[in-house]
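Sequential numbering from 1 applies to the sequence shown in UniProt numbering.
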Amino acid sequence: MGTGTGNFCIGFWYYMNVEGDNRFKVNAEHTLHWWKSAEFVSFWSREGNTGYRWRHAYVHVKSNRRNPRVTLCFGVFALYYVLN
């Protein structure tokens, strides 16, 4: 990645011991083509029941955007985080 682009690592803990539609994704803004606006690309995801314990994950995100927005999506909710 070039200078000024979003190349970083996110570390977090997650717990997915529930039944039903159970998904968790980390998405970040990325421009796939110069003629299009930024789109969100998935860099990590998990589905299903992962058991009765907390798990730790590191996600390496590469984006060609300078300050990409990152979303953490789980179930039907999404948390937005803007990198400074």
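Built from N, CA and C at the ideal position, the CB exists for glycine as well.
Just so you know, these numbers come straight off a predicted model, no measurement behind them.
For residue i, the three-state DSSP class (helix, strand or coil)
i          : result
residue 6  : strand
residue 22 : coil
residue 69 : strand
residue 51 : coil
residue 62 : strand
residue 37 : coil
With 16 other Cβ atoms within 10 Å as the buried cut-off, status of residue i
i          : result
residue 70 : buried
residue 11 : exposed
residue 78 : Caution applies to residue 78, whose pLDDT of 49 falls short of 50 and renders its modelled position unreliable; the value that the coordinates give is listed next. When all chains shown are included, residue 78 counts as exposed.
residue 1  : Unreliable placement is indicated for residue 1, whose pLDDT of 39 sits below 50; no coordinate value is reported for it.
residue 29 : buried
Whole-angstrom distance between residue j and residue i, CA atom to CA atom
i          : j          : result
residue 15 : residue 26 : 15 angstroms
residue 64 : residue 39 : 11 angstroms
residue 49 : residue 60 : 23 angstroms
residue 21 : residue 46 : 11 angstroms
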